[in-house]
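Have a look at the structure below, then the notes.
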Amino acid sequence: MSLRGEDLQEVARETADGLPGTSSGYPFTKHLRVWKVAGKVFLIVTEDDPDLEIITLKAEPDDGDALRREHASIRRGHYLDKEHWISVGAGEGVSRSLVEDLVDESYRLAARGAPAKDRPE
Numbered sequence: 001m002s003l004r005g006e007d008l009q010e011v012a013r014e015t016a017d018g019l020p021g022t023s024s025g026y027p028f029t030k031h032l033r034v035w036k037v038a039g040k041v042f043l044i045v046t047e048d049d050p051d052l053e054i055i056t057l058k059a060e061p062d063d064g065d066a067l068r069r070e071h072a073s074i075r076r077g078h079y080l081d082k083e084h085w086i087s088v089g090a091g092e093g094v095s096r097s098l099v100e101d102l103v104d105e106s107y108r109l110a111a112r113g114a115p116a117k118d119r120p121e
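Here the sequence shown is numbered in UniProt numbering, starting from 1 and rising by one per residue.
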């Protein structure tokens, strides 16, 4: 079942909040809630904008390309590097399990990029 925009954002928030060693806040603007692990951003949720109900996450370039080909509502990252980030909006095939998997993978990529001493156990 495909998620609506606000639902996909809620699934992303819940998933990120359940991962070890994460923190969240609003370092850029009050409309962009950012999750970090070991000081590295892994999720951005655009809030309070019904015209832009998206999440932005890290992704391996090849994985991002494949996801964009498969899902019309997955695009290059809205705010960050277009090669290593994707933005996901509501659309056909964007399910709870897909969002959970994307958040988990983004978290893993961000943690991997942090110094070993800062990574969660």
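Backbone N, C-alpha and C fix where the C-beta goes; we use that ideal spot for every residue, glycine too.
Between residue 3 and residue 75, the C-beta spacing is not below 9 angstroms. Taking 9 angstroms as the cut-off, the beta carbon of residue 84 is found closer than this to the beta carbon of residue 60. Unbroken alpha helix (DSSP H) stretches of 4 residues or longer found wholly inside the stretch 12-76: 61-70, given in chain order. The alpha-carbon of residue 43 is positioned some 23 angstroms away from that of residue 1. According to DSSP, residue 113 shares a beta bridge with no other residue. For residue 89, the enclosing beta strand (DSSP E) starts and ends at 85-89.
Short of 6 angstroms from the beta carbon of residue 107, and not among the five residues preceding or following it, lie these beta carbons of its own chain, in chain order: 19, 37 and 42. Here residue 73 has 88, 89, 90, 91 and 94 as same chain residues with Cβ atoms under 7 angstroms from its own Cβ, once five neighbours each way along the sequence are excluded. Look at residue 104 here: in three-state DSSP terms it is helix.
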